[in-house]
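Chemist: Handing you this structure, nothing more for now.
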């Protein structure tokens, strides 16, 4: 049964996210809503024990509360792999500071969509004084002005973590801010004939970290000072994500994190040693030799099972040079479901034979159209399980 908690009207005011200050018309609308509904039923979804240890989510009157920036990342991040990794990776980092047993997850409610848009744009003293990306350079032609002051910040993702007090009411217990930073600055310039020329400028990790530090401190100041200091007593965690180039087949990585405890400034950023390897690849053969050998033997096994070529590929996530999880995709041109079942069963047997490390291995078997036909998952110290889609 879902856990049900009744929240008082003053809590509804906080959750409504009046940040930044609302126009008079919107303030009146909030007042009218509060007059009509003095209390709101909050439900915590049942806890399901899984090896991935996901946070329990919070429902409001039986509905999932979407974040203010819902869908925004699709417009500003060009690699879907980056966006997925930013979202799920941010919850992994949060678990190191907000205990999964005591905190509940909610998408960000305080950085409003129009505010987020202005923050991501370039700073301009007159037209956009809230821009967090640097102002355009002042000297040279337009290309030189762009390259002298590249846009480092790509996206800001906010997560909220709620905690239950002694009266059984949920209150804001923490805010997590993900700063997604470009590793390559892509921009275009229109010539005199109306044609666009596209340019790429690689960015150094040192400069990325410096800009992330500056931006995080500015966001912290804005959160701490707005709403009459409503967030002074809330710990705010920042995590820096470095995106991959647009055409990359592996996602980006988190490179640093820093906490601002209640009523305190931002601590020094701590480095996060995270990276991804593509299997097979020369880089994996050189720097992840053990897993590269295991993957190659597994790939050979699968290839021998079918008389047609299968382009088996894998992606491994590493933290502190230790593999954490491996995901494998097997695209298959098949003639019937019986082949899918047979291959899935064979994959499960070979996972047990080839991968015996303390990490999760997931295999997705797909059709040439890109549809998922079956999934095989082996968690540490567990038997593989299979799900074939009808």
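Numbering (mature numbering (1 follows the signal peptide of the UniProt record, and there is no 0)), first residue to last: -23 to -1, 1 to 367. Beta carbons: idealized from backbone N, C-alpha and C, even for Gly.
#1: Does DSSP put residue 206 in a helix, a strand or coil?
#2: Quick check: the Cα distance between residue 60 and residue 296, rounded to an integer number of angstroms?
#3: Let me check understanding here. Comparing Cα to Cα, which of 287, 322, 150 lies closest to residue 307?
#4: For residue 320 and residue 338, what's the separation of their Cα atoms in angstroms?
#5: Taking a contact to mean a Cβ-Cβ separation below 8 Å, would you say residue 137 touches residue 83 in this structure?
#6: Using 8 Å as the threshold, is the C-beta distance between residue 254 and residue 265 below it?
#7: Taking its Cβ as the centre, do 16 or more other Cβ atoms sit within 10 Å of residue 176, making it buried, or is it exposed?
#8: Go through its chain and collect everything with a Cβ distance to residue 78's Cβ below 7 Å, but skip five positions before and after it.
#9: Residue 209: buried (16+ other C-beta within 10 angstroms of its C-beta) or exposed?
#10: Specify, as a first and last residue, the run of the alpha helix (DSSP H) that residue 231 falls within.
#11: Look at the alpha carbon of residue 340 and the alpha carbon of residue 354, and state the distance between them as a whole number of angstroms.
#12: Only counting runs of 4 or more residues, tell me where the alpha helix (DSSP H) segments fall wholly within the stretch 60 to 114, in order along the chain.
#13: So residue 232 packs on residue 219, CB below 8 Å; how close in whole Å?
#14: Per DSSP, which one or two residues make a beta bridge with residue 158?
#15: Identify whether residue 240 lies in helix, strand or coil by the three-state DSSP scheme.
#16: Below 6 Å CB to CB, which residues in the same chain sit around residue 272 once its five sequence neighbours on both sides are set aside?
#17: Under 8 Å, with one C-beta from each stretch per pair, do the stretch 93 to 112 and the stretch 124 to 141 reach the 3-pair mark?
#18: Keeping to the same chain, check which residues put their C-beta closer than 6 Å to that of residue 227; ignore five residues upstream and five downstream.
#19: Would you list the residues sitting across from residue 388 in a DSSP beta bridge?
#20: With DSSP run on the structure shown, which of helix, strand or coil describes residue 47?
#21: If we ignore side chains and look at the alpha-carbon of each, how far apart do residue 70 and residue 182 end up?
#22: Who are the Cβ neighbours of residue 251 in its own chain at under 6 Å, not counting the five residues just before and after it?
#23: When the Cα atoms are used, what is the spatial distance from residue 40 to residue 240?
#24: If you draw a straight line from the C-alpha of residue 125 to the C-alpha of residue 326, how long is it?
Modeler: Here's the rundown:
#1: DSSP places residue 206 in helix when its eight states are reduced to three.
#2: 19 Å
#3: The shortest Cα separation from residue 307 among 287, 322, 150 belongs to 287.
#4: C-alpha separation (whole angstroms): 16 Å.
#5: yes
#6: yes
#7: exposed
#8: Within the same chain, no residue comes within 7 Å of residue 78 by CB-CB distance, once the 5 residues on both sides are set aside.
#9: exposed
#10: Taken as a continuous stretch (DSSP letters only), residue 231 belongs to no alpha helix (DSSP H), being part of the beta strand (DSSP E) at 230 to 237.
#11: If I take the Cα positions, the gap works out to 6 Å.
#12: Counting whole runs of 4 or more residues, the stretch 60 to 114 contains the alpha helix (DSSP H) stretches 90 to 97.
#13: 5 Å
#14: 130, 219
#15: Residue 240 falls in the coil class under three-state DSSP.
#16: 256, 291
#17: yes
#18: 253, 255, 292
#19: The structure shown does not extend to residue 388, since the chain is modelled only from -23 to 367, so the question has no answer here.
#20: coil
#21: 20 Å
#22: 230, 231, 296
#23: 33 Å
#24: 55 Å
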